[in-house]
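Data first, discussion second: the structure below is written as structure tokens.
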Amino acid sequence: MLRCGLMLGAGVVIGASGPSAWAQDEIIELELGGYVADSGVPGMVAAVTDEDGLLALGCSGVRSVLTGVPLEPDDPFHFGTLARPMSGVVVAGLIGDGLLSWYMPLPELLPEMDGSIHETRRDVTIEDLLHDLAGLAPFEQGDAPEFAMLESLPGSGSRSRRAFVKRLVGSDPVAEPQVQFVFSNASPSVVASVCERWSGLEWRDLLQSRVFDALGLESAGFGWPADGDDGGVFGHAQNRERFVPVAPKVFRIPEALEPGMDVRMNAADAAAYARFHLAGLRLEREDGVEVEKSVFKRLHNPIDGTYSMGWWSRGRGGTRIDQVQGDGPTFTSWVTIDPDRNCAVVVAVNAGGARELCEAVTFALLDRFAPVESGEAEKE
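Just so you know, my numbering puts 378 at position 71 of the sequence shown, and the rest follows in order with no gaps.
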């Protein structure tokens with residue numbers, strides 16, 4: 308059973324020569340339903356915003372293939388990887404409070420671990436950690452040898468994470484620190500421990516106060532959207548030609564890795580977070596703020612042209628767009644901002660391995676709400 312729905316925000320403005328709001332509603336509703344039907348995924352949700360507010364919010368499909376309960380537009384999804392750029396926002400806030408600086412090296416960031424830090428990492432800064440330039444292992448495949456560092460950690464929460472971080476910073480680098488990029492799901496854990504040490508607050512409390520509450524993300528939280536009792540959105544793993552729902556208690560993200568991959572929220576709140584970056588970038592560009600004195604330009608300043616503090620960069624119409632791409636075993640999500648065309652798009656699927664689908668829907672919505680003008684050269 309599939310159900311499609313779309314809610315257009317009050318901020319929608321469509322030119323006299325373009326289609327009416329009702330036509331836009333009908334077109335996007337059909338598109339979402341078509342993508343779900345063609346791909347066979349259980350369900351998906353999408354949202355579009357500009358710097359002033361939400362433009363469109365829609366969904367299609369079911370919360371779980373077992374229950375057949377239709378998705379609602381405000382259902383929370385797992386946006387795990389969105390936690391990574393949120394780490395940068397927390398760090399920027401602590402720097403603004405005078406507690407940290409972008410250039411503090413690891414021995415100053417974590418002085419109690421000074422004797423454990425690998426000699427090649429002693430100059431690594433908080434900015435390097437956010438750029439994944441610390442030579443840390445990826446922690447992507449569950450059977451990879453680095454997962455042994457998660458074994459027999461003492462306690463829970465910050466205590467457990469600090470023990471993990473001590474092992475991390477002392478481990479042999481998998482690439483040259485400050486030189487070679489290696490995407491690591493463990494880098495945000497080091498950042499979280501640094502922030503906890505200098506703020507005196509637990510990581511969840513920092514994220515709650517400085518991101519969720521500050522931006523009014525009322526649906527935001529930690530862990531899977533469904534707890535197994537309320538009929539929330541289940542993640543699904545692909546088994547040959549079928550998608551199988553995965554119970555929240557069956558597959559859990561290790562607590563020590565939570566800072567980089569374990570947040571949930573609905574699509575409207577994910578769009579609000581994207582809007583925060585979209586508006587901030589556009590304002591700093593308008594004001595001509597230099598990167599060194601900026602917040603958003605620094606958060607979106609890819610050192611190698613492709614990656615910056617959780618955001619992947621690529622070309623569109625001769626300009627750059629930034630994306631957070633999450634592709635886990637049971638959920639897939641893309642959050643994209645196009646500052647030059649004042650548009651951000653959120654797409655999430657309650658199934659793993661749906662990267663190509665998220666990409667297709669993302670660019671279909673970008674083309675509809677923020678088209679590349681005739682004459683602009685595509686640069687991918």
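Every residue gets a Cβ at the ideal spot worked out from N, C-alpha and C, and that includes glycine.
Note that the structure is predicted; figures quoted are calculated from it, not measured.
- Annotation for Ala353: the continuous beta strand (DSSP E) segment containing it runs 350–357.
- Taking Ser465 as the centre and dropping the five residues before and after it, the same chain places the C-beta of Glu503, Glu509 closer than 6 Å to its C-beta, in chain order.
- Counting the other Cβ atoms within 10 Å of the Cβ of Val557 gives fewer than 16, which makes it exposed.
- Per the coordinates, the alpha-carbon of Thr613 lies some 23 Å from the alpha-carbon of Asp357.
- In the three-state reduction of the DSSP assignment, Phe490 falls in the coil class.
- Here Pro452 is exposed: its Cβ has fewer than 16 other Cβ atoms, across all protein chains shown, within 10 Å.
- Listed in chain order, the non-local C-beta contacts of Ser620 below 6 Å within the same chain comprise Pro609, Thr613, Arg627, Asp629, local neighbours out to five positions each way being set aside.
- Short of 7 Å from the beta carbon of Pro555, and not among the five residues preceding or following it, lie these beta carbons of its own chain, in chain order: Trp531, Ala533, Asp534, Gly535.
- Counting only the Cα atoms, Gly368 lies some 6 Å from Met351.
- In this structure, the CA atom of Arg662 is about 19 Å from the CA atom of Ala578.
- Restricted to the region 478–535, the alpha helix (DSSP H) segments that are unbroken, complete and at least 4 residues in length are 494–506, 510–514, listed in chain order.
- Secondary structure of Ala544 (DSSP, three-state): strand.
- A direct Cα-to-Cα measurement between Arg592 and Met411 gives close to 27 Å.
- Across the structure, Ala667 and Ala574 are spaced so that their CA atoms are roughly 17 Å apart.
- By the neighbour-count criterion, in which a residue is buried when 16 or more other Cβ atoms sit within 10 angstroms of its Cβ, Pro461 is exposed.
- Where Ile402 is concerned, the enclosing alpha helix (DSSP H) starts and stops at 390–403.
- Judged by their CB atoms, Phe488 and Asp430 are not nearer to each other than the 7 Å cut-off.
- At least 7 Å separates the beta-carbon of Ala563 from that of Pro636.
- Exclusion of the five residues before and after Asn649 leaves Asp357, Glu358 as the residues of its chain whose Cβ lies within less than 6 Å of its Cβ.
- DSSP, reduced to helix, strand and coil, places Ala578 within a helical segment of the structure shown.
- In the three-state DSSP reduction, His584 falls in the helix class (H, G or I).
- Ranked by Cα distance from Glu434, the first of Glu338, Val653, Ser394 is Ser394.
- DSSP, read as helix, strand or coil, puts Leu457 in helix.
- For Ala451, the secondary structure class from DSSP, reduced to helix, strand or coil, is coil.
- Per DSSP, Ile433 lies in no beta strand (DSSP E); the unbroken alpha helix (DSSP H) holding it starts and ends at 433–437.
- Each of Gly660, Asp594, Asp569 was checked against the Cα of His385, and the nearest Cα belongs to Asp569.
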